[in-house]
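Colleague: Just passing along the structure, written as structure tokens.
Numbering (my numbering), first residue to last: 1371 to 1624.
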């Protein structure tokens, strides 16, 4: 029996699944693949290599041209793959952009785990642990080239157009989750905060400082040395928010 099979080079993965689902139930998945003129299934390792190549090309082109001015066709050509291969791994440009960001930021579960581990300590020690996580996040900007490139894209090369609305919403949700986690930690250590400083204001102040340092350094890497200066830039904020902040938080408590 001859079947009319639509071209699938640009077919979305979900569309392909719906199409193959209409094939006769006795057909094996292998027969469906042959019918649709698909190449043989690649190994997981090959598929992952393709995915990594697409992400690397997206990162390179986003940094050079900006996100809004880079198309999926351009990314596919740069990666040496078909547009269909891009859609096999990523639903759209917003999904691709989101997955690129996920390469250099902690998944929500790990971020929650690390901040909650801080929260289980004594109040002042929990705040010092939060400070250490903040210092670590900024210090690694200089030593992690991919992190620097991707944050440069996010902060300086990205216009959240309608095409990237989904990515923008996910990014904002990630920011709000970070602020909420910090606020909860600060609330549990509120006895250490100075009078008039609320956990919410302290969390917002910390987030604003971190974003400001990320933005300024990715704009001009000569402004400060992250691996050397971050502690001196972060500690004044904690000293202003926290009563009895130690002179040297890196020294173990007596």
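The beta-carbon is built from N, C-alpha and C at its ideal position, and this holds for glycine as well.
Evaluate residue 1595 with the Cβ neighbour count: other Cβ atoms within 10 Å of its Cβ, from every protein chain shown; 16 or more gives buried, anything less gives exposed.
Modeller: On the chain shown, position 225 is the one that residue 1595 refers to. Residue environment analysis places residue 1595 among the exposed positions, since fewer than 16 neighbouring C-beta atoms fall within 10 angstroms of its C-beta.
Colleague: Considering only residues of the region 1486 to 1542, which uninterrupted alpha helix (DSSP H) runs meet the minimum length of 4 residues and lie entirely inside it, listed in chain order?
Modeller: You should have 1493 to 1513 and 1515 to 1526.
Colleague: Is the region 1606 to 1622 touching the region 1566 to 1579 in the sense that three or more CB pairs, one from each, lie closer than 8 Å?
Modeller: yes
Colleague: How long is the line joining the alpha carbons of residue 1548 and residue 1414, rounded to whole angstroms?
Modeller: One-based indexing of the chain shown puts residue 1548 at position 178. One-based indexing of the chain shown puts residue 1414 at position 44. Rounded to the nearest angstrom, the two C-alpha atoms are 33 Å apart.
Colleague: Is residue 1559 closer than 7 Å to residue 1497 when the C-beta atoms are compared?
Modeller: Locating residue 1497 in the chain shown gives position 127, counting from the first residue. Locating residue 1559 in the chain shown gives position 189, counting from the first residue. Yes, the pair counts as a contact, with Cβ atoms nearer than the cut-off.
Colleague: Would residue 1445 pass as a contact of residue 1431 if the rule is Cβ separation under 7 Å?
Modeller: Numbered from its first residue, the chain shown carries residue 1445 at position 75. Numbered from its first residue, the chain shown carries residue 1431 at position 61. Closer than 7 Å, so yes.
Colleague: Specify, as a first and last residue, the run of the alpha helix (DSSP H) that residue 1606 falls within.
Modeller: Mapped onto the chain shown, residue 1606 falls at position 236. Residue 1606 -> alpha helix (DSSP H) spans 1596 to 1611.
Colleague: Where does residue 1425 fall in DSSP's three states?
Modeller: Position 55 of the chain shown, counting from 1, holds the residue named residue 1425. Looking at residue 1425 - three-state DSSP - the assignment turns out to be helix.
Colleague: I'd like to check one pair, residue 1521 with residue 1608: are the Cβ atoms closer than 7 Å?
Modeller: Taking the chain shown and counting its residues from 1, one reaches residue 1608 at position 238. Taking the chain shown and counting its residues from 1, one reaches residue 1521 at position 151. Residue 1521 is positioned such that its CB atom lies no closer than 7 Å to that of residue 1608.
Colleague: When we look at the beta-carbon of residue 1535 and count the other beta-carbons within 10 Å, is it buried (16 or more) or exposed?
Modeller: Translated into positions along the chain shown, residue 1535 becomes position 165. With fewer than 16 Cβ atoms within 10 Å of its Cβ, residue 1535 is classed as exposed.
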